[in-house]
Amino acid sequence: MNQNFKIPSRLNLICLILMAVGAVLFAIGWFTTIGEDHGASRLWAALLYNNFLFLGIALIGLFFAAVHEIGYGGWLISLKRVLEAVASYIPIGGILMLVILVLGGHDLYHHWDNDALYVVDGPEYDALVAQKRSYLNMPFFLIRAVIYVVLWVVFYLWFRRNSLKLDAAGDNRVPVYKRSKMISALFLFFFAITSSTAAWDWFMSIDPHWYSTLYGWYTFASIFVSGLCAVVIIIYMLKRMGYLEAVNEEHMHDLGKFIFGFSVFWTYLWFSQFLLIWYANISEETLYFKTRFEGGYKFVFFLAMFINFVVPFFVLLTRGAKRALGTLVFMSVLLILGHWLDFYVMTHPGVVGTGAEFSLFIEFALLIFYVGLFGFVVFRSLSKAPLYQLNHPFMKESLIHHT
Amino acid sequence: MGHNYSSPLREPLITGKKSYSDITDDICKSTESAPPPLWWVAISISATLAIIGLLAIAWTIWQGIGVWGLNRTVGWAWDITNFVWWVGIGHAGTLISAILLLFRQKWRTGVNRAAEAMTIFAVVCAAVFPGIHMGRIWYSFFIFPYPNTRGGEGLSSLWPNFNSPLLWDVFAISTYLTVSLLFWYSGLVPDFATIRDRATGIRKKIYNVLAFGWQGKAKQWQRFESLSLVLAGLATPLVLSVHTIVSFDFATSVIPGWHTTIFPPYFVAGAIFSGFAMVLTLMIITRKVLNLEDYITIGHIESMNKVIVLTGSIVGVAYITELFVAWYSGNPYEQWVFFRNRIADPYLFGPMLGLEEGDHAPYWWAYWMMMTCNVISPQFFWFKKLRRSIVFTFILSIFINIGMWFERFVIIVTSLHRDFIPSAWTYYSPTIVEVLIYTGTLGIFFTLFLLFARTFPVIAIAEVKSILKTSGDQYVTDFEKADDKFFEEVESGAGELAGGLAGAKSYKK
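Here the protein sequences come in this chain order: A and B.
For the first sequence, the positions run 1 to 403 when this note's numbering is used.
For the second sequence, the positions run 1 to 509 when this note's numbering is used.
Next up, the structure:
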């Protein structure tokens, strides 16, 4: 078994080229768009949702590893290092998130700066926004963002350090493993709260009048599916390069089941939120969907639904499809794009307000950039530790795993 | 399966070094001996409660639902609370048999049979309430859509309102009952055959009929396995759909406190939470009384307690989300429902909200009962010692049963009792008839369970046997000894591991 992953120089180069191309394209987009009406808002909106998608994927890497750690998930251990590598993007994604919120917040969350909204009896007084100002104000918003990011980064570093300790622990593996369970439980506790509150802050508060209790869990389901898809893609790339032979179609089948099941779960939440708001028909709530049914957003809105539910439901329903690596990778790429579109529809209408538009120099440029950056970080992390955690007490279960 | 290996860190799920025949003997015993005196005492009490409950139902039908405490403001209260509570309890069985099967949780084999039975009995109890709430129960068949001649011919006949979530409920719950019943019964067939093969005389005949003449042929097992898989596939979405649709009964409305988008998944989590609490309550007694401690071990109880802490915490996050968003919404009615009608107790939160004495929420005690039992109490299960304490688990399971009843009471009654116009404000309290109907359903539930425990195999014999080689305590060896050899093989790239890798099909490069 080949334990040591060396990044092929070509892969590194591809990642760097993607980053460079994305950055150059985005720079062109920046300078041509910034002067337009809503130009700055559009640029920051694109940065916000692209950055969050990849940060979310990274968080799911840690989440999925942690869930299996406390749940005796033995089958997964041979690909645990891939999950850790995905999670290694958390610090960079988190810091970039903070940068985007600090520099772009004024263009994203328009209620921050518009003091007229808060002048009682003023012409623009907005009672709804004014009453929640104690929560939705810039300083508190940024403090919360820092808390989320710090918590996530600390838990990633702690989890990873303990994981490397397990490699070196020799026969003393059980106590180190138990510690890892404790770290996982703590992370899951905090993540259960911060995954929702971060979604409220960063996305729901774009439309400060609108609210939906399900929003946090809906966002979680989106990143969960995307995260699993990213894991599948990275495993595929490693296998193409001749690594990770212990991860076979049994493991991929299980990942496929998760992608299938949670695509349905995502749809369940999508439908619950939509149906209840549509059925009750309260104007404070329907305004969210109303804006998404106008100006070309409607097509994107339903396209995302189609890609994220209809396609995986029919394609991944059979056992054979989940065990065919090619099909699974194709679906993974498609689903990440589908959730990318979904995040676009969550962000763009509220921030920019005008019709849907995609530009090679803005939205796609950032997608290219982030794919390069994410790949660069993840493969670097993979090269830093053995590809298998042989000392893990459940490693053997994973190696002889059979569904 | 091929490999019988499982990590030695996994706790054995069958203790006492059982052989296959020990398993058959131990589980069949309760169906082959006369019930102990305590059983007669228990069934007398529960049957009496059931009969009193049936009399109270008869009284309700005779007199009309005016004998309940409902009024013009609070039109749903005790009855629908009980309905949702029972449906919720009916969730653990299917979760254990379908979803835990997909997640390969071997411990499910110790409790699935009893949990599935409990599911069916709970759904039966639940079905009582919407039926008798209709008032004119003799028209209850109107809820089923079928070509009818009511009010005209063909398409002009009277159909139920397909836009109504109450009708969706009828579909959801009857589907759920059907699939759960099929799942439960098909699993019982081989076990009935096992009992039959040991029985004589009339018992043999009865169990032979129940077992559909099962002979254990390879073909029969093959069909049995296919059927189980299909039913598990059907049952998985049902676990989510039933309580989702129950939540739609409330959430599709525009009533503050009912209309909130988190309801569907939060109701499902709450249902699983309450279902597991009831499974724990029942199984802690059953394992003791029927001497099944070797099959329903402390490990099983700990696993269930982990489900409790998970689902309890999901429910807790949902409560806090609802509360926060009620404030965040800026909607004064939402805020009123949560802060003035639920939270504001006379001692702490009422004064903190600036309320004068006597201005507190009438049902504050129900809200805080719910919060204490459902959110705070399961947090104790973060501690392994408490998860593995039988006494503590039993007490807590009762707490959760109570808390989940109060959750539904809080949702239903506190959202209704203060209508938009203060002149319509009322206070609801149940009448003795309603209380007796509720205790009557408890009586029905326990009567059915007690009968089940003496006539049916309480544990799935065939399924427990399937995990003996991986999870029997005689097969689980000391961790370090078992794995030293394995890790040596890993390093040399030979032996069992190499065989294992070659055996599993790997992708071509």
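C-beta atoms are modelled at their ideal positions from N, C-alpha and C, and glycine is treated no differently.
In terms of residues, what are the limits of the alpha helix (DSSP H) holding B:Y367?
In this chain, the alpha helix (DSSP H) harbouring B:Y367 covers W364 to M371.
Proximal residues, the segment 211-229 of chain B versus chain A, C-beta separation under 8 angstroms:
Answer set for the segment 211-229 of chain B: empty.
With DSSP as the reference, please indicate the residues paired to B:I14 in a beta bridge.
DSSP output for B:I14 lists B:G472 as bridge partner(s).
Under 7 angstroms between beta-carbons, which chain A residues line up against B:A251? List them in chain order, please.
Listed along chain A, the residues sitting closer than 7 angstroms to B:A251 by beta-carbon distance are L276.
When burial is assigned at 16 or more other CB atoms within 10 Å of the CB, is B:Q215 buried or exposed?
With fewer than 16 Cβ atoms within 10 Å of its Cβ, B:Q215 is classed as exposed.
Would you check if the distance between the CB atom of A:L79 and the CB atom of A:V247 is smaller than 7 angstroms?
A:V247 is positioned such that its CB atom lies closer than 7 angstroms to that of A:L79.
Only counting the same chain, and skipping five residues up and downstream in sequence, which positions put a Cβ closer than 7 angstroms to that of B:N82?
F129, Y438 and T441.
So, does the CB of A:T291 fall closer than 7 angstroms to a CB anywhere in chain B?
Not one chain B Cβ lies under 7 angstroms of A:T291.
7 angstroms CB neighbourhood of A:V21 in its chain, flanking five on each side removed
Excluding sequence neighbours, A:V21 sits near I368.
Counting pairs of Cβ atoms below 8 angstroms between the segment 216-224 of chain B and the segment 185-192 of chain B, do you hit three or more?
Flag = yes, the segment 216-224 of chain B and the segment 185-192 of chain B touch.
Please report the distance separating the alpha-carbon of A:L390 from that of A:D167.
A straight-line Cα-Cα distance of about 7 angstroms links A:L390 and A:D167.
Answer with yes or no whether the minimum CB distance from A:K178 to chain B is below 7 angstroms.
Not closer than 7 angstroms to any Cβ of chain B, the Cβ of A:K178 fails to qualify, so no.
Return the first residue and the last residue of the alpha helix (DSSP H) that A:A46 is part of.
Segment G39 to I70, the alpha helix (DSSP H) holding A:A46.
By how many angstroms is the C-alpha of A:G295 removed from the C-alpha of A:T354?
Their backbone Cα atoms lie some 7 angstroms apart in a straight line.
Please determine, among B:I398, B:G110, B:S429 and B:P422, the residue with the shortest C-alpha to C-alpha distance to B:V410.
Closest option to B:V410, judged by alpha-carbon separation, among B:I398, B:G110, B:S429 and B:P422: B:S429.
Please classify A:M97: is it buried, with 16 or more other beta-carbons within 10 angstroms of its beta-carbon, or exposed?
Residue environment: A:M97 is assigned as buried (16 or more neighbouring CB atoms within 10 Å of its CB, all protein chains considered).
Could you check which residue in A:H106, A:L103, A:L136 and A:D107 has the C-alpha nearest to that of A:Y118?
When A:H106, A:L103, A:L136 and A:D107 are compared, the shortest CA-CA separation from A:Y118 is found for A:L136.
With 16 other CB atoms within 10 Å as the buried threshold, where does A:M408 fall?
This structure cannot speak to residue 408 of chain A, because chain A is shown only from 1 to 403.
Going along the chain, which unbroken runs of the alpha helix (DSSP H) with 4 or more residues stay wholly within the segment 113-143 of chain A?
List check, alpha helix (DSSP H) in window: 127-131.
Is DSSP giving B:N71 helix, strand or coil here?
Coil.
Going along the chain, which residues of the segment 323-347 of chain B sit with their C-beta nearer than 8 angstroms to a C-beta in chain A?
Answer in chain order: V325, W327, Y328, S329, G330 and N331.
Cβ of B:K465 within 6 angstroms of any heavy atom in the ligand PLP?
Absence of the ligand PLP from the depicted structure is noted, as is the absence of any ligand whatsoever, leaving it without description.
Range covered by the alpha helix (DSSP H) that runs through B:K219
A218 to A251 is the extent of the alpha helix (DSSP H) around B:K219.
Shorter than 7 angstroms from the beta carbon of A:A405 to some beta carbon of chain B?
With chain A covering 1 to 403 only, the question about residue 405 of chain A has no answer from this structure.
Endpoints, alpha helix (DSSP H) assigned at B:I301:
B:I301 -> alpha helix (DSSP H) spans I298 to S329.
Under 7 angstroms, do A:G338 and A:A304 count as touching if we go by C-beta distance?
Against a cut-off of 7 angstroms, the Cβ pair of A:A304 and A:G338 comes out as a contact.
Taking the CB atoms as reference points, tell me whether B:T73 and B:T426 lie closer together than 7 angstroms.
Yes.
When Cβ atoms are compared, which residues of the segment 57-76 of chain A fall closer than 7 angstroms to chain B?
Within the segment 57-76 of chain A, the qualifying residues are Y72 and G74.
Hey, B:A127 and B:V242: beta-carbon distance below 7 angstroms or not?
Inclusion of B:A127 and B:V242 in the CB contact set at 7 angstroms is not warranted, their separation being larger than that value.
Reduced DSSP secondary structure (H/G/I, E/B, other) of A:Q3:
Residue state, collapsed to three classes: coil.
Can B:E407 and B:M370 be called in contact, C-beta distance under 7 angstroms?
Yes.
C-beta atoms of B:T252 and A:T213 nearer than 7 angstroms:
By the CB criterion at 7 angstroms, B:T252 and A:T213 fall outside the cutoff.
Under 7 angstroms between the Cβ atoms of B:R342 and B:Y367?
Result yes, Cβ atoms of B:R342 and B:Y367 sit closer than 7 angstroms.
Quick one: what's got a C-beta closer than 6 angstroms to B:H133's C-beta in the same chain, skipping five residues either side?
For B:H133, where only same-chain residues beyond five positions count, the Cβ hits under 6 angstroms are D79.
Helix, strand or coil for B:Y347? Go by DSSP, reduced to three states.
If DSSP states are grouped into helix, strand and coil, B:Y347 belongs with coil.
By how many angstroms is the C-alpha of A:D201 removed from the C-alpha of A:G445?
What the structure shows of chain A is the stretch from 1 to 403, and residue 445 of chain A is not part of that stretch, so it cannot be assessed.
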